[in-house]
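Quick note on numbering: the sequence shown equals residues 118 to 490 in our numbering.
Beta carbons: idealized from backbone N, C-alpha and C, even for Gly.
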Amino acid sequence: MNYETILIGGGLAGLTASIRLAQKGRRVLVIERKTYPFHRVCGEYVSNETRPFLQSLGFDPDAHGAANIQHFQFTAPGGRSLETSLDLGGFGLSRYLLDFELYKLAQKQGVNFLLGKTVERVEMLPDLDEFDVETTDGQTFRAPVVLGSFGKRTKLDTTLNRDFMKARSPYIGVKYHIHTDFPKDLIALHNFRDGYCGISAIETDRYCLCYLTTRENLRRHGSIPEMERAVLWRNSHLKRIFNESEPLYEKPEVINEISFAPKRAVENGILMVGDAAGLITPLCGNGMAMAMHGAKLAADLTDEFLSGKLTRESFETQYASTWRRHFAGRLWVGRQVQKLFGSERLSDVTAQAFGLAKPLLGAVIRATHGRPF
Ligand SMILES: Cc1cc2nc3c(=O)[nH]c(=O)nc-3n(C[C@H](O)[C@H](O)[C@H](O)COP(=O)(O)OP(=O)(O)OC[C@H]3O[C@@H](n4cnc5c(N)ncnc54)[C@H](O)[C@@H]3O)c2cc1C
Numbered sequence: 118m119n120y121e122t123i124l125i126g127g128g129l130a131g132l133t134a135s136i137r138l139a140q141k142g143r144r145v146l147v148i149e150r151k152t153y154p155f156h157r158v159c160g161e162y163v164s165n166e167t168r169p170f171l172q173s174l175g176f177d178p179d180a181h182g183a184a185n186i187q188h189f190q191f192t193a194p195g196g197r198s199l200e201t202s203l204d205l206g207g208f209g210l211s212r213y214l215l216d217f218e219l220y221k222l223a224q225k226q227g228v229n230f231l232l233g234k235t236v237e238r239v240e241m242l243p244d245l246d247e248f249d250v251e252t253t254d255g256q257t258f259r260a261p262v263v264l265g266s267f268g269k270r271t272k273l274d275t276t277l278n279r280d281f282m283k284a285r286s287p288y289i290g291v292k293y294h295i296h297t298d299f300p301k302d303l304i305a306l307h308n309f310r311d312g313y314c315g316i317s318a319i320e321t322d323r324y325c326l327c328y329l330t331t332r333e334n335l336r337r338h339g340s341i342p343e344m345e346r347a348v349l350w351r352n353s354h355l356k357r358i359f360n361e362s363e364p365l366y367e368k369p370e371v372i373n374e375i376s377f378a379p380k381r382a383v384e385n386g387i388l389m390v391g392d393a394a395g396l397i398t399p400l401c402g403n404g405m406a407m408a409m410h411g412a413k414l415a416a417d418l419t420d421e422f423l424s425g426k427l428t429r430e431s432f433e434t435q436y437a438s439t440w441r442r443h444f445a446g447r448l449w450v451g452r453q454v455q456k457l458f459g460s461e462r463l464s465d466v467t468a469q470a471f472g473l474a475k476p477l478l479g480a481v482i483r484a485t486h487g488r489p490f
């Protein structure tokens, strides 16, 4: 098969970009190292700014039982709590369902998939103006465009010698699906020492409980349950949730080495999309929206390039500058806000400040979100 675009990674960025390209009549291959459906560490709150795009792809979150989330609660470890309504709001849907449904939709649109295969090498062949993409089992595929939609961190980042891989990152993420008693229209962010934990409803009366903390915090306490009891439970809201919930799978999903460092949107001619281009701190609840928005921008420019309307150089520079314009500011604000939650005292002061100046909280939410696209 002669492909026009190869996407490395079939998360939200890869799946939505592939559908968009297939809708434009492009021959597309997605290479994904796992097989659908599968769980991922993610808070599973999706900003409503994504709804028009999802609709254009033929996906309606409400038809799959998405929770409709309109309110936000923020608590500090000392128990201070404040609530506000969200301008745009969002929906809750598990990644297990969302990614699987988008995969099925992509297949219907004619996207080709190679599942359970990991890409280990991408090479530009300057004479042919095409890329060779090789998987660990020795298969090679060729296409004029490669989109890097392989997420936060993968061996390929090392192969590509990307700057952010040169430093270790201290963050880990932990996720549960639970049954609990909690308002379905609320997303809460509960702070604790060296981390924060989000909870919000997803489909079928389930809730996603997901937190970010540091490897050091885990090391200090020896195990995830010990750390939760010793640190997370110091926030009374979290203690109640943990004590009054039923976990729905045996062990939580865990990932480590989560980096929020700036990345380059184009590396060795590969357009990076989603977390591969830059990961916003999870407390913003905007990573999935950014992944999908970036996918839309990349797919549209790819189509222009393949139609001969752009040279390769302007294809790459336009993507890099468009990406920066849409997302770099949000990432920066997200990093600054996350710094306020490092210590118990600081997050308590932050909660107090946001409580006194509610417009400030609204301004931070707006600065970390985009408009519907
Ligand atoms: C703790 C935490 C909580 C979060 N909560 C939220 C939230 O509530 N709301 C929100 O909007 N965002 C949230 N995010 C961010 C969100 O999860 C990401 O921004 C989003 O998943 C990015 O999608 P993606 O397609 O770029 O990457 P991913 O969804 O990670 O997909 C990348 C895919 O590439 C595949 N892959 C990797 N390497 C290779 C390879 N070499 N070959 C083949 N395949 C490969 C992987 O298997 C994976 O399927 C959270 C993030 C964290 C860490």
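> Which one of Glu121, Ala406, Leu203 and Ala470 has the shortest CA to CA distance from Pro169?
Replying inline: Ala406
> Taking just the CA atoms, how far does Asp274 sit from Met344?
Replying inline: 31 Å
>> Please return the same chain residues whose Cβ sits closer than 8 Å to the Cβ of Leu335, not counting the five positions on each side in sequence.
In response: Cβ neighbours of Leu335 beyond the five flanking positions: Ile289, Ile341 and Met344.
> Can you tell me where the alpha helix (DSSP H) with Arg337 in it begins and where it stops?
Replying inline: Arg332 to His338
> Between which two residues does the beta strand (DSSP E) carrying Asp249 extend?
Replying inline: Glu247 to Thr252
> Would you report the Cα separation of Gly126 and Val145, rounded to the nearest angstrom?
Replying inline: One C-alpha to the other measures close to 13 Å.
> Is His410 helix, strand or coil when you go by DSSP?
Replying inline: helix
>> Using a 10 Å radius around the Cβ and a threshold of 16 neighbouring Cβ atoms, would you call Met118 buried or exposed?
In response: Result: exposed.
> If you check the beta carbons only, do His294 and Arg323 fall under 8 Å apart?
Replying inline: yes
> Any chance the CB of Gly268 is under 7 Å from a heavy atom of ligand 1?
Replying inline: In terms of side-chain proximity, the C-beta atom of Gly268 is found nearer than 7 Å to a non-hydrogen atom of ligand 1.
> Looking only at its own chain, which residues have a Cβ that is under 8 Å from the Cβ of Ile375, when we skip the five neighbours before and after it?
Replying inline: Excluding the 5 residues flanking it on each side, Ile375 has same chain C-beta neighbours closer than 8 Å at Lys269, Arg270, Ser286, Tyr288, Ile289, Gly290, Leu329 and Leu396, in chain order.
> Out of curiosity, what's the CA-to-CA distance linking Glu384 and Ala445?
Replying inline: If I take the Cα positions, the gap works out to 17 Å.
> What are the boundary residues of the beta strand (DSSP E) that Asn119 is part of?
Replying inline: Neither: Asn119 is in no beta strand (DSSP E) and is coded neither H nor E.
> Considering only residues of the same chain and omitting the five flanking positions on each side of Ala415, which have a CB-CB separation below 7 Å?
Replying inline: Short of 7 Å from the beta carbon of Ala415, and not among the five residues preceding or following it, lie these beta carbons of its own chain, in chain order: Ala134, Leu264, Leu388, Val390 and Tyr436.
> Span of the alpha helix (DSSP H) holding Gly472?
Replying inline: Residues Glu461 to Leu473.
>> Considering Cα atoms alone, identify which of Ala412, Gly196 and Lys292 is closest to Glu367.
In response: Lys292
> For the alpha helix (DSSP H) that Lys272 lies in, which residues bound it at each end?
Replying inline: Lys272 to Thr276
> Where does Asn403 sit, in a helix, a strand or coil, going by DSSP?
Replying inline: coil
> Can you tell me the Cα-Cα spacing of Lys456 and Lys301, whole angstroms?
Replying inline: 29 Å
> Excluding sequence positions up to five away, which residues of its chain have a Cβ less than 6 Å from the Cβ of Ala347?
Replying inline: His338
>> Tell me whether Arg157, by its Cβ, gets closer than 7 Å to a heavy atom of ligand 1.
In response: yes
> Could you check where the alpha helix (DSSP H) with Ala223 kicks off and where it finishes?
Replying inline: Arg212 to Lys225
> DSSP three-state call for Asp204: helix, strand or coil?
Replying inline: In the structure shown, Asp204 sits in a strand (DSSP, three-state: E or B).
> Do Asn352 and Asn308 have their CB atoms nearer than 8 Å?
Replying inline: yes
> Are Ala260 and Tyr153 closer than 8 Å when you measure CB to CB?
Replying inline: no
>> At a threshold of 7 Å, does Ala408 count as lining ligand 1 (C-beta to nearest heavy atom)?
In response: yes
> Under a three-way DSSP split, which group does Thr235 fall into?
Replying inline: Here Thr235 sits in coil by DSSP.
>> Starting from Arg259, trace the alpha helix (DSSP H) in both directions and tell me its first and last residue.
In response: No alpha helix (DSSP H) contains Arg259, which is instead part of the beta strand (DSSP E) from Thr257 to Ala260.
> How should Gly312 be labelled, buried or exposed, when 16 other C-beta atoms within 10 angstroms of its C-beta is the threshold for buried?
Replying inline: buried
> What's the C-alpha gap between Arg310 and Glu461?
Replying inline: 5 Å
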